[in-house]
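Heads up: the sequence shown begins at 15 in my numbering, then just goes up one per residue. Read the structure below first, then the notes.
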Amino acid sequence: MSTLTRPAGAATDAPVRRTFPRRTGRRGAYKGLLFLLPFLIGFLLTYVVPIGYAFSQSLHEKKSSGIGFGPTKTVYAGLANFSAILSDSTFWTGVLRTLLFGAAQITVMLGISLLLALLLDGVAARAVRFFRAGLLIPYVIPGVVSTLIWLFLYSPTASPIVDLADRAGTSVTFFGGLNTYLSLGNLLTWQGIGFNMILISASLQALPRELYEAARLDGAKEWRIAWSIKVPNITGILVLTGMFSLIGRLQLFTEPLFLRYVAPESISTDFTPMLEIFDRAFKTGDYQYAAAESLVLAVVTGILAFVFYRVTNRKMS
Numbered sequence: 015m016s017t018l019t020r021p022a023g024a025a026t027d028a029p030v031r032r033t034f035p036r037r038t039g040r041r042g043a044y045k046g047l048l049f050l051l052p053f054l055i056g057f058l059l060t061y062v063v064p065i066g067y068a069f070s071q072s073l074h075e076k077k078s079s080g081i082g083f084g085p086t087k088t089v090y091a092g093l094a095n096f097s098a099i100l101s102d103s104t105f106w107t108g109v110l111r112t113l114l115f116g117a118a119q120i121t122v123m124l125g126i127s128l129l130l131a132l133l134l135d136g137v138a139a140r141a142v143r144f145f146r147a148g149l150l151i152p153y154v155i156p157g158v159v160s161t162l163i164w165l166f167l168y169s170p171t172a173s174p175i176v177d178l179a180d181r182a183g184t185s186v187t188f189f190g191g192l193n194t195y196l197s198l199g200n201l202l203t204w205q206g207i208g209f210n211m212i213l214i215s216a217s218l219q220a221l222p223r224e225l226y227e228a229a230r231l232d233g234a235k236e237w238r239i240a241w242s243i244k245v246p247n248i249t250g251i252l253v254l255t256g257m258f259s260l261i262g263r264l265q266l267f268t269e270p271l272f273l274r275y276v277a278p279e280s281i282s283t284d285f286t287p288m289l290e291i292f293d294r295a296f297k298t299g300d301y302q303y304a305a306a307e308s309l310v311l312a313v314v315t316g317i318l319a320f321v322f323y324r325v326t327n328r329k330m331s
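In structure tokens, the structure reads:
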């Protein structure tokens with residue numbers, strides 16, 4: 015029986031190197047955290063810390079020493095501010111007013127945005143880009159600037175619309191009663207149509223064109239294709255834009271604040287929850303109660319957005 019021997023001087027097999035996957039994985043995780051660090055710091059400083067400070071303030075209240083004429087000092091109050099908010103009719107009236115106004119205004123705004131998106135869906139690509147850019151301009155303009163533009167148009171002393179109406183022998187009033195809501199709704203609709211139209215139009219572009227061609231072969235008209243094929247397939251984006259708009263209405267502040275300079279008798283300091291919070295914090299000086307109102311409004315907004323999303327999702331399914 016013969017045996018094989020390794021020739022003299024032959025190189026031996028190189029030793030197998032051990033790898034350390036755990037250490038490599040940890041290094042990758044550390045690198046990922048390093049890239050996330052700027053965002054985490056910004057999120058901590060602009061969201062977490064202010065929310066924590068607001069919660070801390072909401073647990074305190076100001077009290078005057080002596081029989082009420084001495085200097086005020088901040089004392090711990092527990093949940094007293096939250097308990098007072100639950101029975102604060104002024105705050106909840108503002109929330110209800112904003113919700114009712116938002117329901118009507120959002121319906122009109124999304125309806126116009128949907129109609130424009132459907133009309134642009136059948137237009138040539140170059141024309142679509144032109145119209146999209148034009149309709150997006152009101153959204154690109156800062157809210158303060160657009161509000162000042164409409165403030166000028168609504169002003170009873172400087173508005174060219176009022177001047178033309180006076181020359182024609184008629185009178186135009188933009189504030190007072192229902193006109194206040196119509197004027198504010200017109201401003202918000204003008205601001206939001208372009209952005210919502212872009213989102214809806216993008217969803218329409220993602221739909222397969224074969225569905226339209228098959229429907230046309232069956233003799234379906236364009237309005238029938240839009241109502242029976244296009245709209246049912248973009249309900250998701252309609253729900254999303256509706257939810258974002260609802261959140262935005264509960265945070266409504268800049269527009270009514272500026273319009274109040276023109277019509278202080280029509281837009282009160284508690285017209286919206288945000289106006290009430292602003293007035294209580296920076297005019298009354300009750301920062302603690304205003305902080306509690308802010309937290310309650312945030313919770314209410316989150317609950318309403320969640321309920322709205324769940325209800326609409328059930329209807330779609």
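All C-beta atoms, glycine included, are put in the ideal place defined by N, C-alpha and C.
Please state if the CB of residue j and the CB of residue i are separated by a distance shorter than 8 angstroms.
| i | j | result |
| --- | --- | --- |
| Ala-319 | Met-257 | yes |
| Ala-295 | Asn-95 | no |
| Leu-225 | Ile-251 | no |
| Gly-208 | Leu-150 | yes |
| Ile-261 | Ile-214 | no |
| His-74 | Ala-98 | no |
| Thr-194 | Ile-317 | no |
| Leu-196 | Leu-264 | no |
Going by other Cβ atoms of all chains shown within 10 Å of its Cβ, with 16 needed for buried, is residue i buried or exposed?
| i | result |
| --- | --- |
| Gly-148 | exposed |
| Trp-241 | exposed |
| Thr-121 | exposed |
| Pro-287 | buried |
| Gln-219 | exposed |
| Arg-324 | exposed |
| Ser-259 | buried |
| Phe-53 | exposed |
| Ser-14 | Nothing about residue 14 can be read from this structure; the chain reaches only from 15 to 331. |
| Leu-110 | exposed |
| Leu-132 | buried |
Using the C-alpha atoms, what's the distance from residue j back to residue i?
| i | j | result |
| --- | --- | --- |
| Val-12 | Pro-85 | Given a span of 15 to 331 for the chain in the structure shown, any question on residue 12 remains unanswerable. |
| Pro-64 | Leu-266 | 20 angstroms |
| Asp-300 | Asn-210 | 38 angstroms |
| Ile-291 | Ser-308 | 7 angstroms |
| Gln-205 | Asp-135 | 21 angstroms |
| Val-314 | Val-321 | 11 angstroms |
| Leu-178 | Lys-297 | 38 angstroms |
| Tyr-303 | Gly-108 | 16 angstroms |
| Gly-190 | Phe-285 | 13 angstroms |
| Val-276 | Leu-51 | 46 angstroms |
| Ser-78 | Pro-156 | 42 angstroms |
| Gly-66 | Trp-237 | 52 angstroms |
| Leu-192 | Phe-115 | 11 angstroms |
| Lys-45 | Thr-60 | 24 angstroms |
| Phe-144 | Ala-182 | 36 angstroms |
| Ala-228 | Lys-235 | 12 angstroms |
| Leu-113 | Leu-48 | 42 angstroms |
| Leu-129 | Val-245 | 10 angstroms |
| Ala-43 | Leu-58 | 20 angstroms |
| Val-159 | Val-142 | 27 angstroms |
| Leu-93 | Ser-103 | 18 angstroms |
| Arg-328 | Arg-223 | 27 angstroms |
Can you list, in chain order, the residues of its chain whose CB lies under 8 angstroms from that of residue i, leaving out five sequence neighbours each side?
| i | result |
| --- | --- |
| Thr-161 | Leu-201, Thr-268, Glu-269, Phe-272 and Leu-273 |
| Gly-56 | none |
| Thr-203 | Gln-119, Val-122, Met-123 and Ile-126 |
| Arg-230 | Ile-239 |
In the DSSP assignment, the alpha helix (DSSP H) including residue i goes from what residue to what residue?
| i | result |
| --- | --- |
| Ser-160 | 157–168 |
| Leu-227 | Residue 227 is actually Glu in this sequence, not Leu. Glu-227 -> alpha helix (DSSP H) spans 224–231. |
| Glu-236 | 236–239 |
| Ser-185 | First-last for Ser-185: undefined, no H or E at that position. |
| Tyr-195 | 192–219 |
| Arg-294 | Here Arg-294 belongs to no alpha helix (DSSP H), and DSSP marks it neither H nor E. |
| Leu-110 | 103–135 |
| Ile-251 | 249–264 |
| Ile-99 | 94–100 |
| Thr-268 | 268–273 |
What first and last residue would you give for the beta strand (DSSP E) that runs through residue i?
| i | result |
| --- | --- |
| Thr-88 | 86–90 |
| Ser-78 | 74–78 |
Given residue i, which residues of its chain have a CB within under 6 angstroms of its CB, disregarding the five upstream and five downstream residues?
| i | result |
| --- | --- |
| Gly-199 | Gln-119 |
| Phe-188 | Tyr-168 and Ser-197 |
| Trp-164 | Leu-201 |
| Leu-221 | Asn-247 |
Tell me which same chain residues have a C-beta within less than 7 angstroms of the C-beta of residue i, skipping the five on either side of it?
| i | result |
| --- | --- |
| Lys-170 | Contrary to the premise, residue 170 reads as Pro rather than Lys in this sequence. The answer, listed in chain order, is Val-176. |
| Leu-167 | Ser-173 and Ile-175 |
| Ser-127 | Ile-207, Asn-210, Met-211 and Ile-214 |
| Phe-105 | Ile-99, Pro-287, Glu-290 and Glu-307 |
| Ser-185 | Ala-179 |
| Val-89 | His-74, Glu-75 and Lys-77 |
| Phe-69 | Leu-309 |
| Thr-326 | Val-253 |
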